[in-house]
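Undergrad: Quick one: this structure, given as structure tokens, is what I'll be asking you about.
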Amino acid sequence: MPAPPTDTDSLAADLARSVGRLRRSLNREVRAGTAIPPLPEAQMEILRLVDRRPGLRVQDAAAELRLAPNTVSTLVHRLVDAGLVRRVADPDDGRVAHLRLSAAAEQRLRRWRDRRQEILAARLADLDSADRLVVERAVPVLERVAVWLEEGRSPEAGRAAVL
9 MPAPPTDTDS LAADLARSVG RLRRSLNREV RAGTAIPPLP EAQMEILRLV
59 DRRPGLRVQD AAAELRLAPN TVSTLVHRLV DAGLVRRVAD PDDGRVAHLR
109 LSAAAEQRLR RWRDRRQEIL AARLADLDSA DRLVVERAVP VLERVAVWLE
159 EGRSPEAGRA AVL
């Protein structure tokens, strides 16, 4: 018989549902307010990663995203065909290609981020000061949880590294 859910289990379920709903709603509103043609989320993840780490290789992207290299290679190929990513040959090893965003991709990401920030700022402005303070205080905590998830480690490991 499974153990009854704990308060942490309930909080985790509520948080996952809320974050997912927030992300989906925000993405819908951004798409509705811009002329940016939608891309599959997996391709957007590649664009965001290449934006953060220009020059990375397909295998590096696959490792960071925890996807199979052939899956990332296919996604990158589609982004290259769409004119959003460029493969730049390594000057020391022509077999190696480094990924860079095209100017069109940089503009797309900038427009997307600007519109997303504009929408969120308007919604946050609608909150009373007490609710805004709760959101403000939650952001660093959510960032830490995101880092722990990205790095595949527990909060205890993060605390030990700080001590």
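The numbering used here puts the sequence shown at residues 9 to 171.
Beta carbons: idealized from backbone N, C-alpha and C, even for Gly.
Might you give, ordered along the chain, the residues of its own chain that have their beta carbon closer than 8 angstroms to the beta carbon of Asp98, omitting 5 neighbours on each side?
TA: These residues qualify, in order along the chain: Val104, Ala105, His106.
Undergrad: Specify whether the segment 111-119 and the segment 70-78 touch according to this definition: at least 3 beta carbon pairs, one from each stretch, less than 8 angstroms apart.
TA: Result no; under three Cβ-Cβ pairs closer than 8 angstroms.
Undergrad: If you reduce the DSSP assignment to three classes, tell me which class Leu57 lands in.
TA: DSSP places Leu57 in helix when its eight states are reduced to three.
Undergrad: Going straight from the alpha carbon of Gly6 to that of Met52, what length do you get?
TA: In the structure displayed, the chain extends from 9 to 171; residue 6 sits before or after that span and is not available.
Undergrad: Tell me, please, whether the segment 120-133 touches the segment 81-94 by the rule of three or more beta-carbon pairs shorter than 8 angstroms.
TA: Cβ pair count under 8 angstroms is below three, so no.
Undergrad: What alpha helix (DSSP H) runs, 4 residues minimum, are completely inside the segment 63-95?
TA: Listed in chain order, they are 66-73, 77-89.
Undergrad: Buried or exposed for Ala66, please, with buried defined as at least 16 other CB atoms from any protein chain shown within 10 angstroms of its CB.
TA: Checking the sequence shown, residue 66 turns out to be Val, not Ala. By the 10 Å Cβ count, Val66 comes out buried.
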